[in-house]
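Worksheet: the structure to be examined is printed underneath.
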Amino acid sequence: MSDRSEQQYDPQALQAKWQRRWEELDPFRAEEDPADPRERRYMLDMFPYPSGDLHMGHGEVFAIGDVLARYWFHKGYNVLHPIGWDSFGLPAENAAIRRNAHPAEWTYANIETQATSFKRYGISFDWSRRLHTSDPEYYKWNQWLFNRFFERGLAYRKGGLVNWCPQDQTVLANEQVVAGRCERCGAEVVRRELTQWYFKITEYADRLLDDMDQLEAGWPERVLTIQRNWIGRSEGADVRFRIEGREEPVTVYTTRPDTLFGATFFVVAPDAALAEEIVSDGQRAAFEAYRAEVAKLSDIERLSTEKEKTGVFLGVHAINPVNGERIPVWAADYVLSDYGHGAIMAVPAHDQRDLDFARKFGLPVRVVVHTGLADPGETGEATPGEGTLVNSGPLDGLTKAEAIDRIIQILEERGLGKRAVNFRLRDWLLSRQRFWGTPIPIIHCPDCGEVPVPDEQLPVTLPDLRGEALAPKGIAPLANAADWVNVECPKCGGAAKRDTDTMDTFVDSSWYFLRYCSPGYTEGPFDVEQVRKWGPIDQYVGGIEHAVLHLLYARFFTKVLYDMGMVGFTEPFVRLLNQGQVINQGKAMSKSLGNGVDLGEQIDTYGVDAVRLTMVFAGPPEDDIDWADVSPAASQKFLSRAFRVMSEVTSPLGADPATGDLELRRVTHRTIDEVTKLVESYRFNVAVARMMELTTAARRTIDSGPGAGDPAVREAAETLAVLLSLVAPYVAEEGWERLGHTGSIARVPWPVADPALLVQESVTCVVQVAGKVRDRLEVSPDIGEDALAELALASEKVKALLSGAPRRVIVRAPKLVNIVP
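The structure is reproduced here in structure tokens:
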């Protein structure tokens with residue numbers, strides 16, 4: 018046995034030693050040799066934004082992802098596990114304004130800080146593939162891809178109402194507005210008329226929805242539901258209504274054309290051009306005042322079912338196409354200008370929002386579907402369900418489905434409408450009026466129009482603006498860089514101007530995972546052949562907060578690239594794992610609440626391994642971790658115990674475990690079997706519990722069994738080292754070395770359980786009488802209930818407590834018998 022002083026667990030010393038060794042060994046580099054016979058696996062964590070040093074959230078997500086990456090290394094796969102930084106964005110720009118500096122200074126300083134911390138944290142990254150999206154070598158390809166989208170009609174510019182953040186002075190996509198506020202800074206969002214660039218994601222709406230069938234086995238159901246709801250496909254009809262005084266009919270989309278006879282009023286979005294066009298002179302002042310109030314609301318606030326209904330009569334009437342009835346036209350905020358055609362027919366009896374509006378403004382309510390429920394006009398509860406059509410002329414007596422088919426047929430015969438499909442999804446607004454992003458590679462020529470910058474002139478790099486020149490003033494900062502803006506038109510050579518908007522940073526993250534396959538490639542955004550070898554991503558790990566924004570856009574990009582022949586798959590991420598948040602005292606960490614926890618301080622106090630182990634052991638990956646309820650100190654104590662077990666082994670390297678303690682060998686092989694299954698099913702916390710049980714069993718054998726020289730102890734310790742390497746790499750590496758091995762443990766083959774040692778020859782059955790334990794029996798794991806009951810009743814300890822036949826015998830074979838006297 019080695020000297021006790023040499024077995025003391027010193028986390029900081031191990032970290033210093035093995036960080037140097039890993040730099041030398043480079044054990045996590047992906048192999049590019051085409052002759053390498055190993056199956057390839059691509060493991061990816063959502064890349065970080067360099068806003069400062071790593072925080073507790075980083076500590077959790079990267080610890081979780083590293084479990085899977087290291088497991089794959091042990092399983093013998095050729096693993097790609099890269100790292101990079103999502104390094105464009107507003108925080109860097111705002112920091113540069115405050116510091117009178119360039120955003121790159123803050124950005125790249127933070128990247129180096131995080132890179133150092135990642136290396137300290139022991140994540141199994143292939144550092145040779147590192148990338149930063151703010152490098153011209155990267156964003157050149159954003160521009161190249163933009164040009165390809167433009168050529169395919171998927172990038173276009175149009176005017177319209179957009180979400181405007183008055184604090185950050187930039188537009189936001191609908192997905193970036195949360196509860197009416199900017200998801201970045203929290204400022205209240207307003208609507209503003211601007212001409213902006215869009216990606217035509219709606220062109221792929223059907224495929225984005227249909228291809229989700231590929232993801233059923235590998236994505237959380239919650240994320241699939243969020244995406245389906247956001248895309249929001251519905252089937253119905255386009256119906257043409259005539260507005261008195263307007264020559265051209267107005268088309269509305271409805272999912273319930275069967276209720277047309279129940280339409281008692283007509284609603285137009287107040288911010289739709291149609292409302293301004295048709296409002297009567299007498300109602301114009303009231304309408305304009307109302308529209309100004311609605312402009313202060315986000316789409317989410319307007320659609321809230323809890324918001325009181327508001328509106329204004331436009332002083333005109335529409336004609337119901339199926340019965341010729343004149344119905345009043347209102348402007349109301351619960352209709353959006355970009356939903357369908359910006360107008361709806363209102364059927365208050367069978368739609369709750371319409372009913373709430375009708376009751377407030379005294380509009381008629383007509384039941385046209387008999388559902389067996391009370392009259393909505395009296396109860397205030399709309400009846401949107403199934404039923405039989407009434408008060409509907411040719412539809413009377415039909416079911417809902419029959420009536421929908423019949424009314425569409427009638428509309429099509431009369432030229433008044435047609436069958437239609439609609440989506441909630443809107444095109445991706447990608448223009449941003451800020452500096453620190455990818456310049457949009459378009460030149461505006463008074464003669465030639467919108468002209469893409471030729472590929473050979475890419476990248477269009479950012480000019481050297483800093484400090485006050487970046488401050489938002491209602492126009493894009495790039496507009497102030499006259500030498501940069503004023504250029505010759507690539508087509509005609511005349512005077513022209515560059516586009517001064519930059520791209521939404523979600524463009525950067527929509528394809529970065531493909532660049533990792535060949536980060537130094539110069540002939541295109543990525544080497545198509547390398548992506549064919551590595552893609553799609555086998556495992557993706559990141560937060561649920563990206564369920565709409567990032568994941569939807571990445572799926573869209575992948576489908577466009579598939580159509581361009583650049584990738585051979587239509588979905589980028591085969592499996593997705595979402596981690597929870599790290600909170601403290603039941604709340605999200607914040608400086609104002611005084612409940613923040615610093616990751617670096619935790620590592621300094623307890624060591625990397627203890628912090629990583631705590632993150633993984635706290636619960637299932639998808640659950641939140643309340644740092645107030647966990648104990649890195651307890652994790653440190655366990656690691657010290659495991660370290661001592663690995664340090665005290667005295668049997669020689671290569672000793673035959675078959676000659677050792679059988680019971681310990683059974684525990685070891687059951688642990689291998691269970692941990693393997695648990696890791697593959699994401700139950701990492703339970704896997705850690707099994708490692709703790711193995712440590713206890715090995716300790717017991719050392720202290721009160723055959724001792725540290727038993728070959729079974731060596732087998733248990735070596736197994737423990739490999740298993741622990743998933744969550745505590747420093748302890749594992751040092752333990753492996755102390756067990757007599759050379760090199761890194763990272764590539765050691767995963768242990769294989771011996772099936773013969775998984776068979777239990779007997780189990781302990783607890784026998785209770787009146788709820789109290791009275792005896793324990795060693796029985797076969799296959800024993801039947803009748804035989805087990807007979808054995809329990811034959812126990813001398815049990816018979817001494819019974820004065821006659823028991824009232825009841827409850828058997829849970831093979832582990833429990835409960836006798837009720």
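Here the sequence shown is numbered in my numbering, starting from 18 and rising by one per residue.
Where is the CB? At the ideal position from N, CA and C, for every residue including glycine.
Expected contact under 8 Å - CB spacing of residue i and residue j to nearest Å
{"i": "G677", "j": "A729", "result": "3 Å"}
{"i": "V684", "j": "L695", "result": "Not confirmed; about 16 Å, so no contact."}
{"i": "G139", "j": "Y747", "result": "6 Å"}
{"i": "M708", "j": "L740", "result": "5 Å"}
{"i": "V385", "j": "V407", "result": "6 Å"}
{"i": "Q300", "j": "G332", "result": "4 Å"}
{"i": "I424", "j": "L412", "result": "6 Å"}
{"i": "Q602", "j": "A651", "result": "Going by Cβ atoms, the distance from Q602 to A651 rounds to 19 Å, so no, they are not a contact pair."}
{"i": "V584", "j": "G552", "result": "6 Å"}
{"i": "D185", "j": "A204", "result": "7 Å"}
C-beta contact flag for residue i and residue j at 7 Å
{"i": "W214", "j": "L447", "result": "yes"}
{"i": "W528", "j": "F574", "result": "yes"}
{"i": "G722", "j": "M663", "result": "no"}
{"i": "V470", "j": "N159", "result": "no"}
{"i": "R793", "j": "V815", "result": "no"}
{"i": "V267", "j": "A360", "result": "yes"}
{"i": "A366", "j": "V284", "result": "no"}
{"i": "F440", "j": "R263", "result": "no"}
{"i": "T736", "j": "P766", "result": "no"}
{"i": "A222", "j": "L442", "result": "yes"}
{"i": "M73", "j": "L616", "result": "yes"}
{"i": "R146", "j": "P99", "result": "yes"}
{"i": "L380", "j": "T281", "result": "yes"}
{"i": "W501", "j": "P480", "result": "yes"}
{"i": "T522", "j": "A496", "result": "no"}
{"i": "D373", "j": "K324", "result": "no"}
{"i": "A312", "j": "V329", "result": "no"}
{"i": "F543", "j": "V633", "result": "no"}
Per DSSP, the bridge partner or partners of residue i
{"i": "T497", "result": "A small fix is needed here, since residue 497 is Asn in this sequence, not Thr. In DSSP, N497 forms no bridge with anything."}
{"i": "Q596", "result": "G560"}
{"i": "P469", "result": "I459"}
{"i": "F590", "result": "I554"}
{"i": "L162", "result": "For L162, which the question treats as bridged, DSSP gives no partner whatsoever."}
{"i": "Q785", "result": "V790 and N835"}
Buried versus exposed, by CB contacts within 10 Å (16 or more), residue i
{"i": "I836", "result": "buried"}
{"i": "E473", "result": "exposed"}
{"i": "A5", "result": "An answer regarding residue 5 cannot be provided, because it is not within the stretch 18 to 838 covered by the chain."}
{"i": "C534", "result": "buried"}
{"i": "T150", "result": "buried"}
{"i": "N95", "result": "buried"}
{"i": "L679", "result": "exposed"}
{"i": "E56", "result": "exposed"}
{"i": "N503", "result": "exposed"}
{"i": "P831", "result": "buried"}
{"i": "N246", "result": "exposed"}
{"i": "S609", "result": "exposed"}
{"i": "V776", "result": "exposed"}
{"i": "E168", "result": "exposed"}
{"i": "S779", "result": "exposed"}
{"i": "G511", "result": "exposed"}
{"i": "E813", "result": "exposed"}
{"i": "R21", "result": "With a pLDDT of 42 at R21, under the threshold of 50, the modelled position of this residue cannot be trusted; read the value that follows with caution. Counting Cβ neighbours within 10 Å, R21 comes out exposed, since fewer than 16 surround it."}
{"i": "I827", "result": "exposed"}
{"i": "D316", "result": "buried"}
Below 8 Å, can you find three or more Cβ-Cβ pairs linking the segment 98-106 to the segment 61-70? Judged by Cβ distances under 8 Å, the segment 98-106 makes contact with the segment 61-70, as three or more pairs qualify.
Specify whether the segment 589-603 and the segment 555-568 touch according to this definition: at least 3 beta carbon pairs, one from each stretch, less than 8 Å apart. Short answer: they touch.
Does the segment 250-257 come within contact of the segment 421-435, defined as at least 3 CB pairs closer than 8 Å? Yes: the two stretches touch, three or more of their Cβ pairs being nearer than 8 Å.
Sufficient close CB pairs (3 or more, under 8 Å) joining the segment 453-460 to the segment 218-234: Judged by Cβ distances under 8 Å, the segment 453-460 makes no contact with the segment 218-234, as fewer than three pairs qualify.
Can we say the segment 110-130 touches the segment 773-784, given the rule of at least three CB pairs closer than 8 Å? Contact between the segment 110-130 and the segment 773-784 is absent, because fewer than three Cβ pairs lie under 8 Å.
Does the pairing of the segment 166-180 with the segment 74-88 give three or more beta-carbon distances under 8 Å? Taking a contact to require three or more Cβ pairs closer than 8 Å, the segment 166-180 and the segment 74-88 do not qualify as touching.
contact_flag[the segment 286-294, the segment 340-354] where n(CB pairs < 8 Å) is 3 or more: Contact holds: three or more Cβ-Cβ distances are below 8 Å.
Decide if the segment 646-665 is in contact with the segment 619-636; the criterion is three or more beta carbon pairs, one per stretch, under 8 Å apart. Contact between the segment 646-665 and the segment 619-636 is present, because at least three Cβ pairs lie under 8 Å.
Determine contact between the segment 483-497 and the segment 43-61, defined as no fewer than three beta-carbon pairs at a distance below 8 Å. With the cut-off at 8 Å, the segment 483-497 and the segment 43-61 do not touch.
Give a yes or no on contact between the segment 631-647 and the segment 595-608, applying the rule of three or more CB pairs nearer than 8 Å. Yes: at least three Cβ pairs fall under 8 Å.
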